[in-house]
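The numbering of the sequence shown is this note's numbering, which starts it at 44 and goes up by one.
Scroll down for the structure; my scribbles are underneath it.
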Amino acid sequence: MTDRGLSPVVGVALMVVVVVLLGVVVGTLAFGFDDRLGEPAPQVALDVTAYSADGADNSGRPYIEIHHRAGETADGTEVFIRDESGTEIPWSSVWTAGPTVGPGSYAHVDGCGSDGALDVIAAAGQTYSIVFRSEGRTLVIYEVAVPSPPAGVGC
44 MTDRGLSPVV
54 GVALMVVVVV
64 LLGVVVGTLA
74 FGFDDRLGEP
84 APQVALDVTA
94 YSADGADNSG
104 RPYIEIHHRA
114 GETADGTEVF
124 IRDESGTEIP
134 WSSVWTAGPT
144 VGPGSYAHVD
154 GCGSDGALDV
164 IAAAGQTYSI
174 VFRSEGRTLV
184 IYEVAVPSPP
194 AGVGC
């Protein structure tokens, strides 16, 4: 009958272990996800509104115009245009774009001039991505492919 006195002690010890383990799991989950919380990518509607295969109004250089149709306004230094080679330029450095990405703004992309670091438009299907980068995160928010073979010349 003296063995019965140990049951409450063992029960309390097990309860303490369970509570400590539960605290560790909850703490790990809470602190493990805090680095993933951050500024979300802007909700935007982008669209290609112009593609000139022959570049007739651009000194013979083919180009694409990517317009911000609707949605949030973003800082032009956090939004980048990336070519297939992985080269990026900030939206704000493209001569038509301006300091913010907002309704009515657009980027004229031809791989020459202010966006000369990007690949020149050379083939149908060639892609450019619009990338949002903030707080160490990189999110592709739009991707555009050259719709038809260019007829114009490069830079």
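C-beta: ideal position from N, C-alpha, C; glycine also.
The model shown is predicted, which means the values in this text are computed figures rather than measured ones.
Quick one, are the C-beta atoms of residue i and residue j less than 8 Å apart?
i    : j    : result
S128 : D162 : yes
S191 : A96  : yes
A160 : T120 : no
Y106 : G98  : yes
I124 : D158 : yes
With distance defined between alpha-carbon atoms, name the residue in the options nearest to residue i.
i    : options                   : result
V144 : G103, Y106, G168 and A84  : A84
Y185 : G70, R104 and R112        : R112
C155 : P142, G195, T120 and A188 : G195
V152 : V60, Y94 and V63          : Y94
A165 : V189, S177, S50 and D100  : V189
G197 : G103, I173 and A88        : G103
Y149 : V62, V69, P193 and V87    : V87
Y171 : T71, V52 and D126         : D126
Q169 : P142, V187 and W134       : V187
V122 : P146, R176, N101 and G147 : R176
G147 : T92, V68 and T71          : T92
L89  : I173, T71 and I132        : I173
So, is residue i buried or exposed, given that buried needs 16 or more other C-beta atoms within 10 angstroms?
i    : result
G54  : exposed
A117 : buried
L64  : exposed
V60  : exposed
P193 : buried
A140 : buried
W134 : buried
V52  : exposed
L57  : exposed
V62  : exposed
Practice item. Would you list, in sequence order, the uninterrupted beta strand (DSSP E) runs of no fewer than 3 residues that lie entirely inside the stretch 101 to 163? Key: 106 to 114, 122 to 126, 131 to 133 and 149 to 152
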